[in-house]
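Let me begin by presenting the structure, written as structure tokens, before commenting on it.
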Ligand code: DGL
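In our numbering, the protein residues as written are 11 to 284.
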């Protein structure tokens with residue numbers, strides 16, 4: 011039994027797909043969320059910069075004495091190898107659990123991956139999937155504009171622009187006849203209803219945020235780290251830019267008003283010597 015909080019981070023609003031699952035499946039846990047809205051997007055940046063940002067994000071969360079850290083970010087999980095290797099706490103990234111879920115879900119051994127440019131260029135999902143089953147064909151597509159759609163709240167089911175952009179991104183995956191698509195960036199589950207409509211309901215969508223939370227749950231149980239008190243967990247949200255924009259969209263994504271729990275943090279204070 012461990013009452014310390016779980017730290018979750020992402021470049022912005024994407025990691026809320028993990029928070030949403032955490033509130034549902036780990037309701038007793040306290041959560042400290044960090045969204046690096048001052049520096050979003052990560053996925054178009056170099057590996058070196060993403061690694062530095064990830065180290066600072068982790069350094070910020072380590073101040074809260076977290077019992078577990080979740081990189082709710084496909085980009086960090088894919089390329090910030092150095093940052094990840096230095097985490098002292100139990101740690102969950104999104105690539106492995108999402109790849110495992112996709113391998114279980116596919117029937118025709120053809121999996122598509124939608125991710126940021128950094129994620130797709132790293133081939134992280136391809137490697138993780140083919141480590142489990144080398145016969146699976148993996149097609150990847152970089153979808154950087156989907157991050158902006160979410161950060162700007164253009165996610166309504168009937169948003170024509172979102173639908174057109176998704177149609178264009180998803181076309182090569184459908185041409186490759188995939189039966190399963192990994193939403194390889196945690197921003198994308200927020201667009202799942204549109205993606206599902208465009209892809210057709212026969213295609214399995216793998217939600218990276220949800221899969222990371224299932225992995226976190228397993229670790230809490232295996233290492234006796236779960237918070238077994240019967241209180242409902244609190245979630246606090248730290249953001250590296252104006253909190254209003256974040257709260258407004260977060261309220262819609264989470265279906266609850268988190269405005270008074272959103273606080274600004276100057277992430278530059280967590281810069282580490284190179
Ligand atoms: N949500 C992130 C991911 O999972 C990062 C998106 C971005 O900042 O480009 O890849």
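Note that CB positions come from ideal geometry on N, CA and C, so glycine has one too.
{"Item": "Run the CB neighbour count on residue 270, radius 10 Å, all protein chains shown included, and call it buried at 16 or more, exposed below.", "Value": "exposed"}
{"Item": "Under the rule that 16 or more other beta-carbon atoms within 10 Å means buried, what is residue 21, buried or exposed?", "Value": "buried"}
{"Item": "If I'm right that residue 208 touches residue 180 with Cβ under 8 Å, what's the distance once you round it to whole angstroms?", "Value": "6 Å"}
{"Item": "Determine the contact status of residue 188 and residue 158, defining contact as a CB-CB distance below 8 Å.", "Value": "no"}
{"Item": "Just mark residue 185 as buried or exposed, buried being the case when its beta carbon has 16 or more other beta carbons within 10 Å.", "Value": "exposed"}
{"Item": "Kindly indicate which residue of 31, 226, 177 and 84 has the alpha-carbon position closest to the one of residue 132.", "Value": "84"}
{"Item": "Is the CB-CB distance between residue 285 and residue 233 below 8 Å?", "Value": "With the chain represented from 11 up to 284, any question about residue 285 goes unanswered, as that position is not in the structure."}
{"Item": "Hey, residue 123 and residue 213 are a contact pair by Cβ (cut 8 Å); roughly how many whole angstroms apart?", "Value": "With a Cβ gap of about 13 Å, residue 123 and residue 213 do not count as contacting."}
{"Item": "Please indicate yes or no: does the CB of residue 196 lie closer than 7 Å to some heavy atom of the ligand DGL?", "Value": "yes"}
{"Item": "Looking at the ligand DGL, does it come within less than 7 Å of residue 247, judged from the CB to the closest heavy atom?", "Value": "no"}
{"Item": "How would you label residue 250, buried or exposed, when you count the other beta carbons within 10 angstroms and need 16 or more for buried?", "Value": "buried"}
{"Item": "How is residue 246 classed by DSSP in three states: helix, strand or coil?", "Value": "strand"}
{"Item": "Compare the C-alpha of residue 244 against each of 26, 28 and 33 and name the closest.", "Value": "33"}
{"Item": "Quick one: what does DSSP say residue 191 is sitting in, helix, strand or coil?", "Value": "strand"}
{"Item": "Count the CB pairs spanning the region 87-95 and the region 49-61 that are closer than 8 Å, and state whether there are at least three.", "Value": "yes"}
{"Item": "Going by the beta-carbon positions, is the gap between residue 264 and residue 65 smaller than 8 Å?", "Value": "no"}
{"Item": "Can you tell me whether residue 35 is helix, strand or coil according to DSSP?", "Value": "helix"}
{"Item": "In terms of alpha-carbon separation, which member of 82, 93 and 103 lies closest to residue 281?", "Value": "93"}
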